[in-house]
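Beneath this line is the structure, given in structure tokens, with notes to follow.
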Amino acid sequence: MPHTVLLAEDDRAIRNALERALTLEGYRVTAVADGVEALAQVHRSRPDVLVLDVMMPGIDGLQVCRVLRAEGDRTPVLILTALVETADRIAGLDAGADDYVVKPFDVEEVFARLRALLRRAAPVAPVPAPEPVPEPRPGPSGRYVEGAGLRMDPQARRAWRGGRELELTRTEFELLELLIRHAGVVLEHATIYDRIWGYDFGPGSKNLAVYVGYLRRKLDEPGSPQLIHTVRGVGYVLREG
0 MPHTVLLAED DRAIRNALER ALTLEGYRVT AVADGVEALA QVHRSRPDVL VLDVMMPGID
60 GLQVCRVLRA EGDRTPVLIL TALVETADRI AGLDAGADDY VVKPFDVEEV FARLRALLRR
120 AAPVAPVPAP EPVPEPRPGP SGRYVEGAGL RMDPQARRAW RGGRELELTR TEFELLELLI
180 RHAGVVLEHA TIYDRIWGYD FGPGSKNLAV YVGYLRRKLD EPGSPQLIHT VRGVGYVLRE
240 G
């Protein structure tokens with residue numbers, strides 16, 4: 000069965016062109032012109048992925064995303080935006096969006112990002128119900144992933160810095176787990192993109208930098224060393240000091 004896409008874009012030319020391109024790519028597309036229609040459509044029939052423009056009349060794309068996340072709807076969301084400042088991208092991620100594309104965009108980039116979102120959202124084989132999750136210390140041998148003063152329980156999707164539990168989104172958790180498993184090793188941008196998003200968005204993309212900045216704000220503590228270090232022109236490394 001083809002994947003279903005709900006496209007919300009108030010610019011008719013962009014909406015029609017993207018709807019045609021997605022249909023030719025094999026998606027089943029429902030296209031609407033504003034956020035109110037988008038929410039109504041999601042409540043009628045939940046799509047596999049949403050593509051939302053930020054600037055729409057009535058309810059904009061970020062508000063749509065906030066409403067869906069407040070309702071517990073975890074459908075992947077790709078944001079289309081003409082806003083290029085880091086603060087604007089962070090606002091989209093804070094609203095619950097999973098990824099973004101900056102206008103004007105190459106339709107092939109939209110396809111690539113949708114494929115990555117759908118891979119990450121694909122159902123996995125059922126696993127036995129986990130045992131009750133203990134506090135980080137003490138714990139069963141081999142259960143935790145540790146590095147640079149951090150501890151994670153991948154099975155329970157929990158993470159701590161010292162005794163403080165971290166509230167992480169899915170992407171933040173996956174990124175931190177990758178860094179902890181390779182603590183002390185410089186990971187190149189392309190490697191991280193491939194492992195987390197399944198696609199290297201190229202040197203012009205700021206997606207990784209936005210997530211690293213967001214993760215740093217959750218990890219860093221006053222008086223404690225920064226844990227995620229930038230190796231300019233190469234990538235990132237997790238280490239103390």
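Each residue of the sequence shown is one higher than the one before, counting from 0 in numbering that gives the first Met the number 0.
Glycine included, each C-beta is placed from N, C-alpha and C at the ideal position.
Its chain contains Val100 as the residues whose beta carbon lies nearer than 6 Å to that of Val109, once the 5 sequence neighbours on both sides are disregarded; these appear in chain order. Counting only runs of at least 3 residues, the region 2-36 fully encloses the following beta strand (DSSP E) elements, listed from N- to C-terminal order: 3-7 and 27-31.
Rounded to the nearest whole angstrom, the C-alpha separation of Gly57 and Val31 is 13 Å. Between Gly234 and Glu187, the C-beta gap is smaller than 9 Å, which places the two residues in contact. Contact annotation: Leu214 and Arg160 have beta-carbon atoms that are not nearer than 9 Å. Assigned with DSSP and collapsed to three states, His228 falls in strand. Counted as a single uninterrupted DSSP element, the beta strand (DSSP E) harbouring Ala158 occupies residues Arg157 to Arg160. C-alpha of Leu51 to C-alpha of Ala94: approximately 12 Å in a straight line. Assignment of Leu149 by DSSP, reduced to helix, strand and coil, places it in the strand class. The straight-line gap separating the alpha-carbon atoms of Arg88 and Ala182 is approximately 27 Å. When secondary structure is reduced to three states using DSSP, Ile78 falls in the strand class.
Inclusion of Leu77 and Leu49 in the CB contact set at 9 Å is warranted, their separation being smaller than that value. Taking 9 Å as the cut-off, the Cβ atoms of Val144 and Val185 do not count as close.
Between Ala7 and Asp33, the CB-CB gap stays under 9 Å. Residue pairing from DSSP leaves Gly60 without any beta-bridge partner. Assignment of beta-bridge partners to Leu167 by DSSP yields no partner.
Straight-line spacing of the CA atoms in Arg156 and Gly212 works out to 21 Å. Check the Cα spacing between Ile179 and each of Thr190, Ala189, Leu149 and Lys205: the tightest is with Leu149. Straight across, the Cα-Cα distance linking Asp152 with Thr3 is about 33 Å.
Counting of Cβ neighbours within 10 angstroms places Ala158 among the buried residues, the total reaching 16 or more. For Leu177, the CB contacts under 6 Å within the same chain, skipping 5 residues up- and downstream, are Arg194 in chain order.
Where Tyr213 is concerned, the enclosing alpha helix (DSSP H) starts and stops at Asn206 to Leu218. The beta carbons of Leu92 and Thr168 sit closer together than 9 Å.
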